[in-house]
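In terms of full-length UniProt numbering, the sequence shown opens at residue 1 and continues consecutively. Here's the structure we're looking at; comments come further down.
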Amino acid sequence: MIYMYKIGVVGDKNSIIAFKAIGIDVYPVVGEEEGRKAIDRMAANGYAIIFVTEQIAKDLGETIDRYSNKVTPAIILIPSNQGSLNIGMQRINDNVEKAVGVNIL
Numbered sequence: 001m002i003y004m005y006k007i008g009v010v011g012d013k014n015s016i017i018a019f020k021a022i023g024i025d026v027y028p029v030v031g032e033e034e035g036r037k038a039i040d041r042m043a044a045n046g047y048a049i050i051f052v053t054e055q056i057a058k059d060l061g062e063t064i065d066r067y068s069n070k071v072t073p074a075i076i077l078i079p080s081n082q083g084s085l086n087i088g089m090q091r092i093n094d095n096v097e098k099a100v101g102v103n104i105l
């Protein structure tokens, strides 16, 4: 049996609408509460990968951390159309340092 995992993106409408063109489910949100609800709903509905814009993620640390030790969903932070806040890169650096013992990036 082949199981197809779902991929979705959460963020402000202008930043994420292009993802719809390549077949990714888009969940436009405004604010922290809508972002939290969208991520929790997607996780409960079997999404394997959830992209979240950094603008939304900056206020959702607790929600994102709740899923960080689980296999799915993988929550990946991406810049919005307003630019990067470097939150996503910092998470990568932290994970590499935790895995290797030293920051090699």
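No residue lacks a Cβ here, since even glycine has one placed at the ideal position from N, Cα and C. Keep in mind the model is a prediction, meaning the values are calculated, not measured.
Does the beta carbon of residue i fall short of 7 Å from some heavy atom of the ligand FMN?
i	result
residue 52	Absence of the ligand FMN from the depicted structure is noted, as is the absence of any ligand whatsoever, leaving it without description.
By the three-class DSSP mapping on this structure, what secondary structure does residue i have?
i	result
residue 72	coil
residue 24	coil
Between residue i and residue j, how many whole angstroms is the CB-CB distance? I'm expecting something under 8 Å.
i	j	result
residue 22	residue 8	The Cβ separation is near 12 Å, so there is no contact.
How would you label residue i, buried or exposed, when you count the other beta carbons within 10 angstroms and need 16 or more for buried?
i	result
residue 55	buried
residue 3	exposed
Is the beta carbon of residue i sitting closer than 8 Å to the one on residue j?
i	j	result
residue 28	residue 39	no
residue 80	residue 35	no
Check: Can you give, in chain order, each stretch of the beta strand (DSSP E) that sits fully within the stretch 36-74 and has at least 3 residues?
Finding: 47-53
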